[in-house]
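K.L.:
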Amino acid sequence: MTEADLIRLFVSPFLPDEVLKGVGDDCAVVKVGQESLLITTDTMLEGIHFDLGYFDPYHLGRKLAAVNLSDIAAMGGRPLFATLNLEWPPSRGLKEARDLSSGLLSRLSEAEVALVGGDTVKAPRIGLTLTIIGRPEGQGPIYRQGARPGDIIYVSGPLGASGAALELLRKGIRPPEPLLRAHLDPQPELNLGQQLARDGLATAMIDISDGLGIDLFRLCQASGVGAEIHASFIPYPEELDLLPLENPPLFYILAGGEDYRLLFTAKEERGAEVQGLGAYPIGRIVSGDHPVLIDEKGRRRNISFAGYDHFR
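Taken in order, the sequence shown gives residues 17 to 328; the numbers are from this note's numbering.
This is the structure we're talking about:
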C-alpha cells in the first residue's frame, strides 16, 4: 500500500460545483460567492516528523506553519487564516507549549496570517495539525496540471540541504548553519508563488516536500506528460560535497525531501522573465508519463519513486 492508495479510499464520490479542486493538489480550491479560496492542512507527529532531541519547540512551531504556507505558495496564493489542532502530553511543561506557540505565531505573523481557532486534546505524544485558508493571486490558482511538452522545468533554489541536515542530526553531528536552517526553519516562497501567479508565468506548479523525484512525478501525472531533467543543471549547496554523508549529493536532491522549494513549468519563450526571478532551469517537459533524470554520462533513469512516502 502506498500513500496514494490510502488517500483514494477517502475521496468523496460527489463534489458540489463549488469545489473547483479536491484531492490531488497542494490545496483544495472552493468557490464562495465570487471568490475562490485555497484550503490546505498538514500534520506533524512526534517521533515521525520530528524529534525534540534536536528540534526545539520554537522551531517546531515555525516549521509547522512553513510547511502549510508552502502549499499556499505552490498554488500562487496569499494565506489569510489558520486553525490549529493540538495534541499535547501532560509530561510536557508550559514553557515548551509557550515556545511552540511563540514559534508558530511568529511565522504566521510574518505571513500576515491570523490564527482563528482549533482544538486541543491530551495525548501520549505531541501531535500538531495546522489548516490554512488563503486566496489565489492574479491569474491563480496554479495547479499541478497544465504542463505541456516543450515547457521548461524550473526549481526556485538549491535542493538537498534539509535531507542532508536530518541525516547529520540523527548521527549527533551539528550541520553547517545554512543546512541546519533549511531543516529547522524552511522559508516558504510565498512572494515567488504570488509573482508567478500575477504574471501568468507558471503553467503548473508543486512544492518540493517529499523529494524532487516523486514530486516531479506527481506534476507529470497530473498534467499527463513526462519530463527530462539533467543532473548537472540542478542546484545544490556546496556543503553536500564536503560533509561526511552516507550518499552522494544527488540522493538528497532527489529523495531527501522537505526542501519546500517551488517546482514549476513555464513556456520556453518566457524564460528570461522566469530566470529574472531567480529560478533555475533544470529540464523540459516531454511526451510520456514519468520523469527521467539524465546524468553527466547521458544515462537515463526513471526517478518517479525517488522521495518520501509514509506507507512505502
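Note that beta-carbon positions come from the ideal geometry of N, C-alpha and C, so glycine has one too.
Just so it is clear, the structure is predicted and the values come from calculations on it, not from any experiment.
What are the uninterrupted segments assigned as beta strand (DSSP E) that are 3 or more residues long and contained completely in the stretch 29-95, given in chain order?
P.N.:
Listed in chain order, they are 35-37, 44-48 and 51-61.
K.L.:
Taking only the alpha-carbon atoms, compute the straight-line gap between Ser320 and Ala243 and give it to the nearest angstrom.
P.N.:
Rounded to whole angstroms, Ser320 to Ala243 spans 10 angstroms at the Cα level.
K.L.:
Does the distance from the CB of Ile250 to the CB of Ile269 come in under 8 angstroms?
P.N.:
Against a cut-off of 8 angstroms, the Cβ pair of Ile269 and Ile250 comes out as a contact.
K.L.:
Look at the alpha carbon of Val48 and the alpha carbon of Trp104, and state the distance between them as a whole number of angstroms.
P.N.:
When rounded, the distance between both Cα atoms is 34 angstroms.
K.L.:
Considering only the alpha carbon of each residue, which of Ile230, Ile168 and His306 lies closest to Glu284?
P.N.:
Among Ile230, Ile168 and His306, the Cα nearest to that of Glu284 is on Ile168.
K.L.:
Could you give the distance in angstroms between the alpha-carbon of Ser172 and the alpha-carbon of Ala220?
P.N.:
Cα-Cα distance, rounded: 14 angstroms.
K.L.:
Pull the bridge partners of Met221 from the DSSP assignment, please.
P.N.:
Per DSSP, Phe280.
K.L.:
Closest to Asp201 by CA distance: which of Arg164, Leu184, Gly119 and Thr99 is it?
P.N.:
When only C-alpha atoms are compared, the closest one is Gly119.
K.L.:
At what residue ranges does the stretch 139-208 contain a whole run of the beta strand (DSSP E), taking only runs of 3 or more?
P.N.:
Entirely contained in the stretch 139-208, the beta strand (DSSP E) runs reaching 3 residues are, in chain order, 143-152 and 168-171.
K.L.:
Residue range of the beta strand (DSSP E) that Ala243 falls in?
P.N.:
Gly242 to His246 is the span of the beta strand (DSSP E), which, as asked, contains Ala243.
K.L.:
How big is the Cα-Cα spacing for Ile298 and Gly304?
P.N.:
So the two alpha carbons sit approximately 18 angstroms from each other.
K.L.:
Looking at the unbroken alpha helix (DSSP H) that takes in Pro251, where does it start and where does it end?
P.N.:
Premise fails: Pro251 is in no alpha helix (DSSP H) and is neither H nor E.
K.L.:
Going by DSSP in three states, Gly109 sits in which element: helix, strand or coil?
P.N.:
Looking at Gly109 - three-state DSSP - the assignment turns out to be coil, as it is neither helix nor strand.
K.L.:
Looking at the structure shown, is Val132 part of a helix, part of a strand, or coil, going by DSSP?
P.N.:
The answer is strand: DSSP assigns Val132 an E or B state.
K.L.:
Please specify which runs of the alpha helix (DSSP H), each continuous and at least 4 residues long, are wholly inside the stretch 284-327, giving them in chain order.
P.N.:
Taking only runs of at least 4 residues, the alpha helix (DSSP H) segments lying wholly in the stretch 284-327 are 287-292.
K.L.:
Pair every Cβ in the stretch 105-116 with every Cβ in the stretch 130-146, then say whether three or more of these pairs are closer than 8 angstroms.
P.N.:
With the cut-off at 8 angstroms, the stretch 105-116 and the stretch 130-146 touch.
K.L.:
Report all residues from its chain with a CB closer than 6 angstroms to the CB of Gly345; omit the five preceding and five following residues, and keep chain order.
P.N.:
Residue 345 is absent from the model: the chain starts at 17 and stops at 328.
K.L.:
Could you name the residues of the same chain whose beta carbon sits closer than 7 angstroms to that of Asp42, not counting the 5 residues immediately before and after it, in chain order?
P.N.:
Around Asp42: Thr56, Asp87, Ala90, Met91, Ile222 and Asp223.
K.L.:
Quick one: residues in its chain with C-beta nearer than 7 angstroms to the C-beta of Pro16, no 5 flanking neighbours on either side, listed in chain order?
P.N.:
Since the displayed the chain opens at 17 and closes at 328, residue 16 lies outside it and no answer follows.
K.L.:
For Ala127, does the three-state DSSP call read helix, strand or coil?
P.N.:
Ala127: coil per DSSP, three-state reduction.
K.L.:
Compute the beta-carbon to beta-carbon distance between Ala198 and Ala282, rounded to the nearest angstrom, for a pair I have assumed lies under 8 angstroms.
P.N.:
Not a contact, Cβ separation roughly 25 angstroms.
K.L.:
When we look at the beta-carbon of Leu25 and count the other beta-carbons within 10 Å, is it buried (16 or more) or exposed?
P.N.:
Exposed, because fewer than 16 other Cβ atoms sit within 10 Å of the Cβ of Leu25.
K.L.:
Tell me which same chain residues have a C-beta within less than 6 angstroms of the C-beta of Gly154, skipping the five on either side of it?
P.N.:
Excluding positions up to five away in sequence, the list reads Ala213 and Arg214.
K.L.:
Which residues mark the beginning and the end of the alpha helix (DSSP H) in which Pro265 is found?
P.N.:
Its alpha helix (DSSP H) spans residues Pro265 to Ala271.
K.L.:
For Phe97, name the three-state secondary structure that DSSP assigns.
P.N.:
Phe97: strand per DSSP, three-state reduction.
K.L.:
Give me the Cα-Cα distance between Asn318 and Val132, rounded to the nearest whole angstrom.
P.N.:
Taking the straight line joining both Cα atoms gives about 44 angstroms.
K.L.:
Report, in whole angstroms, the separation of the C-beta atoms of Glu255 and Pro192, which I expect to be a contact under 8 angstroms.
P.N.:
About 5 angstroms; that satisfies the 8 angstroms criterion.
K.L.:
For the candidate residues Thr99, Ala82 and Thr136, whose alpha-carbon lies nearest to that of Glu126?
P.N.:
It is Ala82 whose Cα lies nearest to the Cα of Glu126.
K.L.:
Helix, strand or coil: which one does DSSP assign to Leu228?
P.N.:
DSSP places Leu228 in helix when its eight states are reduced to three.
K.L.:
In three-state terms, what does DSSP make of Leu22?
P.N.:
Three-state DSSP puts Leu22 in a helix.
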